[in-house]
Amino acid sequence: MRLISEFFNKSFQFSLRIQRTRQPRLPIGIQERTFQLIEDRLKLLDYDGPVALSCDDTKLLPSFRPYYDHDLGGYYLVGHVGEPYQIADIETFREVTTSHSLEKATKV
Amino acid sequence: MTHEVLSQHSPCLLMHALEQLRLWCLQVPLPKVAPLIVAAKGIPNDVSADDLFPDLWHIVSGLIDRKIQVTSYAADGSNVERNVQRLLEQHATKTITIRIKHPSDGHPDIRIELPFFGSHPFVIPIANLQDSKHLLKTFRNNLYSGARLLTFPNGVAMFSQVREMAFDTESPLFRRDVEKLDRQDDNAATRLFCAASLQWLESRGPEFSALVVYLFVFGDLIDAYQNRSISITERIQIVLRAYFFLEMWEEFLLKARYPKSKHFISSQCAAIAHTLSMGFVKLVVIYRDHVEGSPPLLPWLLCTEVIEHVFGLCRQIVKDFTEKDFRDMEPKLFIKIRQAIFTAHATDGKARASGYSHTYTDGRGINMTALSLYPTNRDIDEAAVRAYGEAESLFGFLGVSSRELHASSTILPGIQSWVLDDHSVPDLVEDTNDSDLLCDEEDESDYDDYQAVIDSLEDSSIGISQQKKLNRYRYATIALSVDEQMEMCVKSFLMTLDSDDIHPIEPSSQNLITTITSRPFRMTQPALPKFLHNRFPLPTLINQAIRSNLPYLMSRLSI
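Quick note, the sequences are listed as chains U and R, same order.
All letters in the first sequence, in the order written, are residues 190 to 297 by the working numbering.
All letters in the second sequence, in the order written, are residues 18 to 576 by the working numbering.
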């Protein structure tokens, strides 16, 4: 295998996994970077023809979670309605989520 | 982008947990290309179209700003989603109208509004679509609904007929398709609308004629999107046939005064069918006139099935996921989508109560040449004429010809108007409520009325001229009655014959059958379809679909 990799650009399962983890993640919400990523991926495919947009919903388990955004460099609260909040420190997050101030929406 | 920092003073009291994940995907409409996830956003349950539209508008505007040519926007057929699509159309920069000449004289041209978005020089049209396979299930569920009875001129299509088919030993359906049924089962819907079902129904006799036509017309509408090989002109003909058939059906119910809420498909189903019919024409015009190089049109890739597949893969990784789980599983999802696309094989058509069955990755038998040849406007008009002819024939087969449907309704004066001048004539055109239409007591009261009139005539002294006039009406009634008796005799005689032994019939009867069957299928005689119901074979159109030119949906199953 090493002999082959000396002559060919051979990717292995492990190296592919590393490459994937370094790929940019989906931004929180809809941002300018959302469109930049799509443009980059279409460029990789060398495609500039028509595309079809589609949209659908699925059920989600309601929960508030901290999420680390690599691109923005910080922890953000996800799982609530509205724009994401940046979490200043973990103690504040714990206090806010464990207090009764958070109200979960009930299904209509 | 700046975000608010969560602190102890944040307005957390207003925060609600999300209950749904809204996902937008882009699909390059070519085989073996994985969908691209554009954005994912959590939403609460109780959202209106006004709440959802800003996100869609943000995405559409952002993609257009990057010169990405979005040609269609697909969503499911719920009321909220259709309102979002309506809002999108309202935000169009400009709109052009596609006109298709209506083949029938009394109707205005079909006008299809095509919205354009963006600003000069990048102005692109976008066609709103809904999911074709969802519509197939909606047609099935409408047929199974106990709240409505799909009524055609000489018959009805209903659940008990399908149940009878499912319980037959030679049936293409499984019992599970009608008992403890899964209403979201793609495979069961495909089995119901497939060629084998039509063949079974055809072999069982004329009482299923309404069901056969229903399954054929609307199964074929979905096939116009799902078929991998037929030409675009043929697809246009199919979608327009469904459009005209729905138009005739509605017209019939209106004239027969059957309430649409009980005897027609649901308004949502009709709206989705209309969107899909017109949406296909829009797609053809967009790909032909507004996309450089006119690439092949692969309509089965332009639907929400792509997203449902992504959701299905998500649930394979984490069954009940949160928004954070979705973000964490994204790299794995990226691999799984590609794995599914590249290793895709035909799904199991015999699976029961298995919910969604994704077929968009199935690229067997794609005819790229046929999918790249776009019809001209003249070809579309000609296809509309053919489609109208077919819809007319099918509706004629069900019992009412186009001439009857479009004729102005002539209502004979009531019997009381002949003799009793001072008595007010009952208005037969006045609206009656639903129960009146199906009520037997109405007939009995009419009979009593007639009897009362006859009694009064016998009691009263009438002149000679009135006596002669009355006699003429009596003779006319007797003549009509004799004619009806003769017709019934011929009908019962024909019923006794088996379809295969027409040859030993006496010459006079043979001539009668030859005369009837040699008529063109487009029936214009009012009594003819009813008269022929027990002998006339299925329309050639359906026979062809069953035997020779099996559409994709129908041939996909190896039943």
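Virtual Cβ for every residue (Gly too), placed ideally from N, Cα, C.
Owing to the predicted nature of the structure, the values given are computational and were not obtained by experimental measurement.
In summary, the residues of the region 223-248 of chain U whose CB is separated from some CB of chain R by less than 9 Å are T223, F224, Q225, L226, I227, E228, R230, L231, L234, Y236, D237, G238, P239, V240, A241, L242, S243, C244, D245, D246, T247 and K248, in the order they occur in the chain. Between R:K197 and the set R:T207, R:A212, R:R180 and R:P189, the nearest pair of CA atoms involves R:R180. Of R:E421, R:P312 and R:C320, the smallest CA-CA separation from R:A387 is found for R:P312. Approximately 12 Å separates the beta-carbon atoms of R:V101 and R:A91; this is outside 8 Å, ruling out the contact.
Between R:V77 and R:F134, the C-beta gap is smaller than 8 Å, which places the two residues in contact.
Put simply, the region 392-412 of chain R does not touch the region 236-245 of chain R. Fewer than three CB pairs are less than 8 Å apart.
Within the same chain, Cβ atoms closer than 6 Å to the Cβ of R:N145 are found at Y90 and Q102, the five residues on either side in sequence being excluded. For U:R206, the number of other beta carbons within 10 angstroms of its own is below 16, and it is reported as exposed.
When the Cα atoms are used, R:R258 and R:F235 turn out to be separated by approximately 9 Å.
Exposure of R:N96 is indicated by the presence of fewer than 16 other C-beta atoms within 10 angstroms of its C-beta. Within the region 38-63 of chain R, L38, R39, L40, W41, C42, L43, Q44, V45, P46, L47, V50, P52, L53, I54, V55, A56, A57, K58, G59, I60, P61, N62 and D63 place their CB atoms closer than 9 Å to a CB of chain U, listed in sequence order. For R:Q254, there is no enclosing beta strand (DSSP E); the residue is part of the alpha helix (DSSP H) that begins and ends at I249 to A273. Among the residues facing chain U, R:A91 is included, as its CB has a counterpart in that chain under 8 Å away. Secondary structure note for R:R332: its alpha helix (DSSP H) is the uninterrupted segment E322 to I334. Interface flag for R:V87 against chain U is set, since a Cβ pair is found closer than 8 Å. Between the beta-carbon of U:F282 and that of U:P255 there is about 6 Å, and that keeps the pair under the 8 Å contact cut.
Chain R places no beta carbon closer than 8 Å to that of U:T287, leaving this residue out of the contacts. Under DSSP, U:K248 forms a beta bridge with R:Q37.
Taking 7 Å as the Cβ-Cβ cut-off, the region 311-338 of chain R approaches chain U at P312, L318, L319, C320, T321, V323, I324, E325, F328, D337 and F338, given in chain order. If you look at R:L388, you'll find it in the alpha helix (DSSP H) that goes M385 to S389.
Its chain contains A51 as the residues whose beta carbon lies nearer than 6 Å to that of R:I354, once the 5 sequence neighbours on both sides are disregarded; these appear in chain order. Excluding its 5 nearest sequence neighbours in each direction, R:V402 has C-beta neighbours in its own chain below 7 Å: P120, listed in chain order. One thing to note: R:L238 has its Cβ within 8 Å of the Cβ of R:I255. Chain U places no beta carbon closer than 8 Å to that of R:A66, leaving this residue out of the contacts.
Counting only the Cα atoms, R:K277 lies some 18 Å from R:V417. Among the CB atoms of chain U, one or more fall inside 8 Å of the CB of R:L73. As a beta-bridge residue in DSSP terms, R:C42 pairs with U:S243 and R:I54. For U:P251, the C-beta contacts it makes with chain R under 8 Å involve A34, L35, E36 and T339, in order along the chain. Three or more pairs of CB atoms, one per stretch, sit closer than 8 Å, so the region 310-330 of chain R contacts the region 341-359 of chain R.
Excluding its 5 nearest sequence neighbours in each direction, R:Y161 has C-beta neighbours in its own chain below 6 Å: F176, listed in chain order.
Taking a contact to require three or more Cβ pairs closer than 8 Å, the region 293-312 of chain R and the region 129-143 of chain R qualify as touching.
Taking 9 Å as the cut-off between beta carbons, the residues of the region 203-219 of chain U near chain R are L205, R206, R209, T210, Q212, R214, L215, P216, I217, G218 and I219, in sequence order. Of R:S389, R:S498, R:H423 and R:S410, the smallest CA-CA separation from R:G123 is found for R:H423. In terms of CA proximity to U:D245, R:D148 leads the group R:Q333, R:D148 and R:G222. For a cut-off of 8 Å, the C-beta gap from R:E340 to U:V267 is around 5 Å, short enough to register as a contact. Contact between R:F412 and R:F262 holds, since their C-beta atoms are separated by about 7 Å, short of 8 Å.
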